[in-house]
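Notes for the one structure printed next.
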Amino acid sequence: MDLDDLSQSGIRRIADYSPYLDQLAGLAQEMGLSQRSNLVQLERSLNQHWSLGQNNILSWTPLDDGILILVLPHYAIADYTTPRADGAPSEVSSRFITELISGDRQLTFKQIQKVARLLKIEPKYIQLRQPLSRHPVETQIIEKMIRRYGINYVASRAVTLFDIVGFSLLTPFEQMTQLNSLSYSLNSAHAKMLEQDVGINFARSSSGDGFYIWNRDDGLEANVNLYHFMHIVLADNAIARSKTTSRAVPKLRACFHVGSCYEFHQAEGLNPTMHDFIVGDVTIELARMIEAALPGQILVGEFVAHHADGVATAADKQASIDAVAFLERAQGNLSKLSGMEFSGERVSAIKCYLTGEKVGAGEFNIRRLHITDKHGLSRVAYNAKVNIYREGAEPILLGIEDKKLPPEKPPQKPPE
13 MDLDDLSQSG IRRIADYSPY LDQLAGLAQE MGLSQRSNLV QLERSLNQHW SLGQNNILSW
73 TPLDDGILIL VLPHYAIADY TTPRADGAPS EVSSRFITEL ISGDRQLTFK QIQKVARLLK
133 IEPKYIQLRQ PLSRHPVETQ IIEKMIRRYG INYVASRAVT LFDIVGFSLL TPFEQMTQLN
193 SLSYSLNSAH AKMLEQDVGI NFARSSSGDG FYIWNRDDGL EANVNLYHFM HIVLADNAIA
253 RSKTTSRAVP KLRACFHVGS CYEFHQAEGL NPTMHDFIVG DVTIELARMI EAALPGQILV
313 GEFVAHHADG VATAADKQAS IDAVAFLERA QGNLSKLSGM EFSGERVSAI KCYLTGEKVG
373 AGEFNIRRLH ITDKHGLSRV AYNAKVNIYR EGAEPILLGI EDKKLPPEKP PQKPPE
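Sequential numbering from 13 applies to the sequence shown in my numbering.
Encoded structure:
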């Protein structure tokens, strides 16, 4: 595409081909059309190196009038960390590979050379029409491009799982309507949070009977916002259920957990999707917990979340926080959701807590629930409650009271 073609229709063609460029809305004065065209050329070149999913793009660095990239066959990451048949250790540690696919993918030229030698691959050079401007927005978009054509590891990601109760017993039409209702509740909750100036960059992936939801933003505040997003979705769903006598609105159960995961973009046709998918310890734990959850129940996994970026406050840098402390933090910042409306009624207060047995006057402990799955593996979870109080209306009570939980079975030993 020549610069002479960059009329308004040309700009639209760029946006159609490279969806990352929609991030440049409002930044036209900071980045010229020639730089946008440069990014489109880069996107095309990365797509060619990706080769219909045959390869993963690992890292990149600016060099002269282009960029240098490291390209690996899609199976190579596993091969590098798998012990050899003769029993000798692998030449590259799994920790080294994990570090390469975590965080920013831009390396220095010397780092690219070092990694290439260790992995025994030759860096690939992409010649661009002009050198990169090193503009922050440009760098951010290139990072997203590289991630789209590779695998990304996140050590601490908060994810919630919404599951439709009795989904497999529904007719196909009912399944469709209930999934559509849940999708609407997700969008409605997102809109409500944005109205309160609470940002959440949420992504979703189907679990078959519902959705995994996570916040693309990292850090403690982002994880807390996702927890609040979960109970706003459940509140919207509860109100919708109270207004219908049909089976169009699902009965939900939900789980929340923080853990590690891999993020990737599945191939769709000849290109990777723009929507990312996740799989890892966090989704495995959620899937096992949801099997034990009762209709209407909210379970929170036992976790220790690491927040190395310190998004919320300086005190959070390199901090670790467990599930109990996390819920205390979530309760502490609920004031920013005051004024939110459900069915035209303003929220006056929200209380979220982990349940337990009464141990004194107004005092309760926090019960640790031992969940054993069908494989005999045991894990700990907590029963959560959320109470949303509204002016001039009945409160919305989410979750199950501790006294209504069935007696807990002692944890079983895993099979030999």
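Glycine is no exception: its CB is placed at the ideal position from the N, C-alpha and C atoms.
Quick caveat: nothing in here was measured; it's all calculated off a predicted structure.
Across which residues does DSSP place Lys122 in a beta bridge pair? Within the sequence shown, the letter at position 110 stands for residue 122. Within the DSSP secondary-structure output, Lys122 pairs in no beta bridge.
In terms of alpha-carbon separation, which member of Ala90, Arg146 and Ala335 lies closest to Gly78? Translated into the one-based positions of the sequence shown, residue 78 becomes position 66. Proximity to Gly78 across Ala90, Arg146 and Ala335 peaks at Arg146, based on C-alpha coordinates.
Which whole runs of the alpha helix (DSSP H) in the region 181-234 are 4 residues long or more, in chain order? Fully enclosed alpha helix (DSSP H) runs of 4 or longer: 184-207.
Helix, strand or coil for Gly372 per DSSP? Working through the sequence shown from its first residue, we reach residue 372 at position 360. The DSSP-derived three-state label of Gly372 is strand.
Could you check how far apart the C-beta atoms of Ile81 and Pro143 are, in whole angstroms? I think they sit under 8 Å. Your numbering for residue 81 matches position 69 in the sequence shown. Your numbering for residue 143 matches position 131 in the sequence shown. Incorrect: roughly 16 Å between the Cβ atoms, too far for contact.
Mapping the DSSP letters down to three states, classify Gln278 as helix, strand or coil. Residue mapping note: residue 278 aligns to position 266 of the sequence shown, counting from 1. The answer is coil: DSSP assigns Gln278 none of H, G, I, E or B.
Determine whether the beta carbon atoms of Leu198 and Val245 lie at a separation below 7 Å. Position 186 of the sequence shown, counted from the first residue, corresponds to residue 198. Position 233 of the sequence shown, counted from the first residue, corresponds to residue 245. For Leu198 and Val245, yes; Cβs fall inside 7 Å.
Enclosing alpha helix (DSSP H) for Phe338 [first to last residue]: What you label residue 338 is simply residue 326 of the sequence shown in a count that begins at 1. Run containing Phe338: Ala335 to Gly344, per the alpha helix (DSSP H) assignment.
Identify whether Glu353 lies in helix, strand or coil by the three-state DSSP scheme. For the purposes of this step, residue 353 is taken as the residue at position 341 of the sequence shown. Glu353 sits in a strand when the DSSP states are folded into three classes.
Counting C-beta neighbours from all protein chains within 10 Å, is the total for Val316 16 or more, i.e. buried, or is it exposed? Indexing the sequence shown from 1 puts residue 316 at position 304. It counts as exposed.
Leu4 bridges to which residues according to DSSP? No statement about residue 4 is possible, as the shown extent of the chain runs from 13 to 428 and does not include it.
I'd like to check one pair, Ala335 with Val312: are the Cβ atoms closer than 7 Å? Working through the sequence shown from its first residue, we reach residue 312 at position 300. Working through the sequence shown from its first residue, we reach residue 335 at position 323. Against a cut-off of 7 Å, the Cβ pair of Ala335 and Val312 comes out as a contact.
Phe108 lies in the alpha helix (DSSP H); which residues open and close that run? On the sequence shown, position 96 is the one that residue 108 refers to. Element bounds for Phe108: Ser106 to Leu112.
Using the Cα positions of Tyr365 and Lys397, report the straight-line distance between them to the nearest angstrom. To locate residue 365, count along the sequence shown from 1; it is residue 353. To locate residue 397, count along the sequence shown from 1; it is residue 385. Spanning the two alpha carbons is a distance of roughly 6 Å.
Go ahead and label Lys348 buried or exposed: buried means 16 or more other beta carbons lie within 10 angstroms of its beta carbon, across all protein chains shown. For this step, residue 348 is matched to residue 336 along the sequence shown. With a 10 Å radius around the Cβ and a threshold of 16 neighbouring Cβ atoms, Lys348 comes out exposed.
For Ser258 and Val294, which I take to be in contact (beta-carbon distance under 8 Å), what is that distance rounded to the nearest angstrom? Stepping through the sequence shown from its first residue, residue 258 is reached at position 246. Stepping through the sequence shown from its first residue, residue 294 is reached at position 282. Not confirmed; about 34 Å, so no contact.
For Arg169, which beta-bridge partners are listed by DSSP? The count along the sequence shown starts at 1 and reaches residue 169 at position 157. Looking at the DSSP assignment, Arg169 forms a beta bridge with Gly271.
So which of Tyr137, Ile412 and Ser114 has the shortest CA-CA distance to Gly368? Mapped onto the sequence shown, residue 368 falls at position 356. For Gly368, the closest of Tyr137, Ile412 and Ser114 by C-alpha to C-alpha distance is Ile412.
Taking Cβ to Cβ, would you say Ala299 is nearer than 7 Å to Ile383? Here residue 299 refers to the residue found at position 287 of the sequence shown. Here residue 383 refers to the residue found at position 371 of the sequence shown. No, they are not a contact pair.
Could you give the residue range of the alpha helix (DSSP H) that holds Val149? If you number the sequence shown from 1, residue 149 lands on position 137. Boundaries of the alpha helix (DSSP H) harbouring Val149: Pro148 to Arg160, taken from the DSSP string.
Where does Val4 sit, in a helix, a strand or coil, going by DSSP? Only positions 13 to 428 of the chain appear in the structure, and residue 4 is not among them; the question remains open.
Where does the unbroken alpha helix (DSSP H) through Leu298 begin, and where does it stop? Locating residue 298 in the sequence shown gives position 286, where the first residue counts as 1. Where Leu298 is concerned, the enclosing alpha helix (DSSP H) stretches over Asp293 to Ala304.
Does the Cβ of Gln429 have 16 or more other Cβ atoms within 10 Å, making it buried, or fewer, making it exposed? Residue 429 lies beyond the residue range present for the chain, which begins at 13 and ends at 428; the question has no answer from this structure.
8 Å contact criterion, which Asp175 and Ser219 should meet: CB distance rounded: Position 163 of the sequence shown, counted from the first residue, corresponds to residue 175. Position 207 of the sequence shown, counted from the first residue, corresponds to residue 219. That pair is a contact at about 7 Å.
The beta strand (DSSP E) spanning Lys136 covers which residue range? Mapped onto the sequence shown, residue 136 falls at position 124. Looking at the DSSP string, the run of the beta strand (DSSP E) that includes Lys136 is Lys136 to Gln139.
Since I believe Phe179 is in contact with Phe214 (beta carbons under 8 Å), could you give me their beta-carbon distance rounded to a whole number of angstroms? Your numbering for residue 214 matches position 202 in the sequence shown. Your numbering for residue 179 matches position 167 in the sequence shown. Wrong, their Cβ atoms sit about 22 Å apart, outside the cutoff.
Ordered list of alpha helix (DSSP H) runs contained in the region 59-85, each at least 4 residues: With a minimum length of 4 residues, no continuous alpha helix (DSSP H) run stays inside the region 59-85.
Hey, could you find the ends of the beta strand (DSSP E) Leu389 is sitting in? The residue labelled residue 389 in the question sits at position 377 within the sequence shown. Going by DSSP, Leu389 is part of no beta strand (DSSP E) at all; its letter is neither H nor E.
Candidates Ala90, Gln139 and Thr110: closest to Leu75 by CA position: Locating residue 75 in the sequence shown gives position 63, where the first residue counts as 1. That would be Gln139, whose Cα lies nearest to the Cα of Leu75.
Need the endpoints of the beta strand (DSSP E) that Leu410 sits in, please. Residue mapping note: residue 410 aligns to position 398 of the sequence shown, counting from 1. First-last of the beta strand (DSSP E) with Leu410: Ala405 to Gly411.
Would you tell me roughly how many angstroms separate the C-alpha atoms of His277 and Ile154, rounded to the nearest one? In the sequence shown, residue 277 corresponds to position 265, counting from 1. In the sequence shown, residue 154 corresponds to position 142, counting from 1. Going from the Cα of His277 to the Cα of Ile154 covers about 16 Å.
Relative to the C-alpha of Glu403, which residue among Glu280, Arg391, Val359 and Ser390 is closest? Here residue 403 refers to the residue found at position 391 of the sequence shown. It is Val359.
Residues near Arg341 in its chain [Cβ-Cβ closer than 8 Å; skip 5 each side]: Counting from 1 along the sequence shown, the entry for residue 341 is found at position 329. Taking Arg341 as the centre and dropping the five residues before and after it, the same chain places the C-beta of Leu232, Val236 and Ile333 closer than 8 Å to its C-beta, in chain order.
Using the C-alpha atoms, what's the distance from His387 back to Gln208? Taking the sequence shown and counting its residues from 1, one reaches residue 208 at position 196. Taking the sequence shown and counting its residues from 1, one reaches residue 387 at position 375. If I take the Cα positions, the gap works out to 43 Å.
Can you give me the start and stop residues for the beta strand (DSSP E) that Gly313 sits inside? Indexing the sequence shown from 1 puts residue 313 at position 301. Element bounds for Gly313: Ile310 to Gly313.
Length of the line joining the Cα atoms of Ala279 and Asn377: Counted from its first residue, the sequence shown places residue 279 at position 267. Counted from its first residue, the sequence shown places residue 377 at position 365. Their Cα atoms are separated by approximately 48 Å.
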